[in-house]
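**Student:**
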Amino acid sequence: MTCLATRAGSLTKAQLRRLYAPFQRFFRLEASSSILLILCIIIALIWANSIWSASYFILWETNLTIAIGPYVISEPLRWWINEGLMALFFFVVGLEIKRAVVVGELSRIEDALFPIIAAIGGMLLPAIIYFAVNFGTAGIIGWPVPMATDIALAIGVLALLGSRAPISLKLFLSTLAIADDIGSVIVIGLFFSAIAPLIPLIVGVILIVVLFILNRTGIHYILVFAILGVGVWLAFLLSGVHATLAGVVVAMAIPAMARVNTEDFCTKGHILLKDFEESRKPGESVLTNKTQRTAVLGMQAICRDVQAPLQRMEYFLQPWVGFVIIPLFALANSGVLLAFDFSLPAAGPVALGIIFGLVLGKQIGIILFSWLSVRFRIAKKPKDISWRQIHGVSCLAGMGFTMSLFMADLTFSGMPLLDVAKIAILCASLISGLLGFFLLGGARILTKLQKEILKGIQGKMKSTGESKQPITDIQVPLEENENKDN
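Position one of the sequence shown corresponds to residue -18 (this note's numbering), numbered consecutively onward.
As structure tokens, this is what we get:
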């Protein structure tokens, strides 16, 4: 360790920048969180089906206890992830929904109507297909499972397509996914919340009212909202209302207006910069210059206040959700024994209902409702999006992974059918992702990628003096095929 530290200390700043550049690029990529999610799925599946299988299941069933005086919550580690951390996930979903409604994709009804109608079709058809396949069986309670879309995976795959996916197509998918999230929240609230003790529910409602009052009175202290938000989560948990709904409700109370408008920001910013510049003295640092320190603190304050609390919280929490919470959720919930006994009653219909619902239901529902909305002039299709691209996006929407697993855990909790549902979700998400990728031009991207790899090998062989004839033989057909495709 000492040698490594000494070695790192001897590196120049330029060398350190080159060293950390790949990591910085990784975390800036839209697809990187999806890549991490897929890795966690693979790790969970391998771990659960390896010789260390028992340790996987023991770990997530280990109890974690939090006690404050006489109040004790003692639940398995998986419960804390699904009910606690996922509440934070739903809080970010709520922030995204509010931002989209206030200033984003859902702010203009004429722009939002087309993807919203498509999302409705993408929720109804999968549920109908699942219901039809499972009618009269014990698995019929799982009808919400194929309704969901995993926005992280879907947008991650779309990001891999680069310029082949226009901005309007990404906007269509993100709006569709947000509308899908709203539908999922409604389903959870209506069908998976059992009201029990009345007093905790009243406390939760009072705290929510206080949050909205603070919003209206211009209070922008994030810590206050965070403390009251945790209180709402606990109240919902004790009342029987599904605790993850607390995240969405609290998000609706987060202020979306900034304290400082853009004009004031520019005016105050220029004054502070002028003060900073005029107080500059040769050989003196900011540490010893009181005027400069005051100017810097003032700039920090206005930079904070020009952003709404909603914007700051969403910006801060998104990396934690994308790179910690969702991968951890996948790691804790994806591990399932692949040698599962599908001869259980209702196992076949549950698996087929989920696969048909996500793979076929999403495609049929989104395309059909999109076409009907245009046919009856209810909404307008963006001009730079083709029906083929909408078909590709409808396939990506069938990647229901995170939300579908969450719904499966709600519907089949404690039942053997839960493992069947997990396997079906994994299969359906994989099929849907591959279909969408290739429909949107993934084959050409893979061909170009192969070509670049071969060029790299050719350059390496040339530098070492080896023959490049085999590379030339492979390269010509690739170029011909690409020209034919174009």
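Ideal Cβ positions, reconstructed from N, Cα and C, are used throughout, including at glycine. Only a predicted model underlies this, so the values are computations on that prediction, with no experimental measurement involved.
Given 8 Å as the limit, is there contact between the stretch 54 to 69 and the stretch 269 to 284, that is, 3 or more CB pairs closer than that?
**Tutor:** no
**Student:** Measuring CB to CB, does Gly303 end up less than 8 Å from Tyr37?
**Tutor:** As a first step, residue 303 must be located in the sequence shown, where it is residue number 322. As a first step, residue 37 must be located in the sequence shown, where it is residue number 56. Contact: no.
**Student:** Residues in the same chain with beta-carbon distance under 8 Å from Val229, minus the five sequence neighbours each way, listed in chain order, please.
**Tutor:** If you number the sequence shown from 1, residue 229 lands on position 248. Phe71, Phe72, Val74, Gly75, Ile78 and Val166, listed in sequence order.
**Student:** Check for me: the beta strand (DSSP E) holding Ile244 runs from which residue to which?
**Tutor:** On the sequence shown, position 263 is the one that residue 244 refers to. It should be noted that the sequence gives Glu, not Ile, for residue 244. No beta strand (DSSP E) contains Glu244, which is instead part of the alpha helix (DSSP H) from Thr243 to Glu259.
**Student:** Pick helix, strand or coil for Thr43, following the three-state DSSP scheme.
**Tutor:** If you number the sequence shown from 1, residue 43 lands on position 62. Here Thr43 sits in coil by DSSP.
**Student:** What are the boundary residues of the alpha helix (DSSP H) that includes Ser14?
**Tutor:** Reading the sequence shown from its first residue, position 33 is the one you call residue 14. Per DSSP, Ser14 belongs to the alpha helix (DSSP H) from Ser13 to Ala29.
**Student:** Express the C-alpha separation of Ser149 and Ile101 in angstroms, rounding to a whole number.
**Tutor:** Your numbering for residue 101 matches position 120 in the sequence shown. Your numbering for residue 149 matches position 168 in the sequence shown. Taking the straight line from one Cα to the other gives about 19 Å.
**Student:** How many Å lie between Ser394 and Ser410 at the Cα?
**Tutor:** As a working note, residue 394 is residue 413 in the sequence shown. As a working note, residue 410 is residue 429 in the sequence shown. Each residue's alpha carbon lies about 21 Å from the other.
**Student:** Could you please give the first and the last residue of the uninterrupted alpha helix (DSSP H) stretch that includes Tyr296?
**Tutor:** Counted from its first residue, the sequence shown places residue 296 at position 315. Segment Pro290 to Trp301, the alpha helix (DSSP H) holding Tyr296.
**Student:** Under the rule that 16 or more other beta-carbon atoms within 10 Å means buried, what is Asp365, buried or exposed?
**Tutor:** As a first step, residue 365 is located in the sequence shown; it is residue number 384 there, counting from the start. With fewer than 16 Cβ atoms within 10 Å of its Cβ, Asp365 is classed as exposed.
**Student:** Taking just the CA atoms, how far does Trp352 sit from Arg369?
**Tutor:** The residue given as residue 369 occupies position 388 in the sequence shown. The residue given as residue 352 occupies position 371 in the sequence shown. Computed Cα separation, rounded: 12 Å.
**Student:** Check the DSSP bridge columns for Glu77 and list the partner residues they point to.
**Tutor:** For the purposes of this step, residue 77 is identified with residue 96 of the sequence shown, where counting begins at 1. Paired residue(s): none; Glu77 is not in a bridge.
**Student:** Alpha carbon to alpha carbon, how far is Asp362 from Phe95?
**Tutor:** In the sequence shown, residue 362 corresponds to position 381, counting from 1. In the sequence shown, residue 95 corresponds to position 114, counting from 1. The sequence shown places Lys at residue 362, rather than the Asp named in the question. Each residue's Cα considered, the two are about 7 Å apart.
**Student:** Taking the alpha helix (DSSP H) that Ser385 falls in, what are its first and last residues?
**Tutor:** Position 404 of the sequence shown holds residue 385. Segment Phe382 to Thr392, the alpha helix (DSSP H) holding Ser385.
**Student:** Do you know offhand how far Ser375's Cα is from Pro51's?
**Tutor:** Position 394 of the sequence shown, counting from 1, holds the residue named residue 375. Position 70 of the sequence shown, counting from 1, holds the residue named residue 51. One C-alpha to the other measures close to 51 Å.
**Student:** I need the straight-line Cα distance from Val241 to Asp92, nearest angstrom please.
**Tutor:** For this step, residue 241 is matched to residue 260 along the sequence shown. For this step, residue 92 is matched to residue 111 along the sequence shown. Rounded to the nearest angstrom, the gap between the Cα atoms of Val241 and Asp92 is 29 Å.
**Student:** From this set, Leu398, Ser88, Phe153 and Phe297, which residue's C-alpha is nearest Leu325's C-alpha?
**Tutor:** On the sequence shown, position 344 is the one that residue 325 refers to. When each option's Cα is compared against that of Leu325, the closest is Leu398.
**Student:** Which runs of the alpha helix (DSSP H) at least 4 residues long sit entirely within the stretch 309 to 368? Give them in chain order.
**Tutor:** 328 to 337 and 343 to 356
**Student:** Is any heavy atom in the ligand NAP found nearer than 7 Å to the beta carbon of Glu56?
**Tutor:** The ligand NAP is not part of this structure, which contains no ligands at all.
**Student:** Given a threshold of 16 other Cβ atoms within 10 Å of its Cβ, counted over all protein chains shown, does Leu319 qualify as buried or as exposed?
**Tutor:** Taking the sequence shown and counting its residues from 1, the one referred to as residue 319 is at position 338. Label assigned to Leu319: exposed.
**Student:** Just mark Phe387 as buried or exposed, buried being the case when its beta carbon has 16 or more other beta carbons within 10 Å.
**Tutor:** Along the sequence shown, one-based indexing puts residue 387 at 406. Burial call: buried.
**Student:** Roughly how many angstroms separate the alpha carbons of Leu157 and Ile132, rounded to a whole number?
**Tutor:** The count along the sequence shown starts at 1 and reaches residue 157 at position 176. The count along the sequence shown starts at 1 and reaches residue 132 at position 151. The alpha-carbon atoms of Leu157 and Ile132 are separated by roughly 9 Å.
**Student:** Once DSSP output is grouped into helix, strand and coil, what is the label at Tyr202?
**Tutor:** For this step, residue 202 is matched to residue 221 along the sequence shown. In this structure, Tyr202 counts as coil in the three-state DSSP scheme.
**Student:** Which one of Ala35, Ile109, Ala135 and Gly117 has the shortest CA to CA distance from Val126?
**Tutor:** Looking up residue 126 in the sequence shown gives position 145. Residue Ile109 is the option with its Cα nearest to Val126.
**Student:** Which residues bound the beta strand (DSSP E) around Glu64?
**Tutor:** Start at 1 with the first residue of the sequence shown, and residue 64 comes out as number 83. First-last for Glu64: undefined, no H or E at that position.
**Student:** Would you mind sorting Ser220 into buried or exposed? The rule is 16 or more other CB atoms within 10 Å of its CB.
**Tutor:** To locate residue 220, count along the sequence shown from 1; it is residue 239. Ser220 should be labelled buried.
**Student:** Can you tell me the Cα-Cα spacing of Gly137 and Ile32, whole angstroms?
**Tutor:** On the sequence shown, residue 137 is found 156 positions in, with the first residue counted as 1. On the sequence shown, residue 32 is found 51 positions in, with the first residue counted as 1. Their backbone Cα atoms lie some 32 Å apart in a straight line.
**Student:** With DSSP as the reference, label Ser149 as helix, strand or coil.
**Tutor:** Here residue 149 refers to the residue found at position 168 of the sequence shown. Three-state result, Ser149: helix.
**Student:** Count the other C-beta atoms from every protein chain shown that fall within 10 angstroms of the C-beta of Phe297, then say buried if there are 16 or more, exposed otherwise.
**Tutor:** For the purposes of this step, residue 297 is identified with residue 316 of the sequence shown, where counting begins at 1. Result: exposed.
**Student:** Report the three-state DSSP secondary structure of Pro100 (helix, strand or coil).
**Tutor:** As a position in the sequence shown, residue 100 is number 119, starting the count at 1. Residue identity differs from the one stated: residue 100 is Ala in this sequence, not Pro. Ala100 falls in the helix class under three-state DSSP.
**Student:** Among Leu215, Leu195, Ile335 and Pro57, which has the Cα closest to the Cα of Ile122?
**Tutor:** On the sequence shown, position 141 is the one that residue 122 refers to. Ranking Leu215, Leu195, Ile335 and Pro57 by CA distance to the CA of Ile122 puts Ile335 first.
**Student:** Measure the C-alpha to C-alpha separation of Leu341 and Ala360 and round it to an integer number of angstroms.
**Tutor:** Counting from one through the sequence shown, the residue named residue 341 turns up at place 360. Counting from one through the sequence shown, the residue named residue 360 turns up at place 379. Taken atom to atom, the span from the alpha-carbon of Leu341 to that of Ala360 is near 24 Å.
**Student:** Would you decide whether Gly117 is buried or exposed? Buried here means 16 or more other CB atoms lie within 10 Å of its CB.
**Tutor:** Here residue 117 refers to the residue found at position 136 of the sequence shown. Exposed, by the Cβ-count rule.
**Student:** Taking just the CA atoms, how far does Phe257 sit from Asp162?
**Tutor:** Numbered from its first residue, the sequence shown carries residue 162 at position 181. Numbered from its first residue, the sequence shown carries residue 257 at position 276. Whole-angstrom Cα-Cα distance: 47 Å.
**Student:** Take Met294 and list the residues in its own chain whose beta-carbon comes closer than 7 Å to its own, dropping the five residues that flank it on each side.
**Tutor:** Reading the sequence shown from its first residue, position 313 is the one you call residue 294. Within the same chain, Met294 has close Cβ partners Leu76, Ile203 and Ile235.
**Student:** DSSP puts Glu91 in a beta bridge; with which residues?
**Tutor:** Here residue 91 corresponds to residue number 110 of the sequence shown, with the count starting at 1. According to DSSP, Glu91 bridges with nothing at all.
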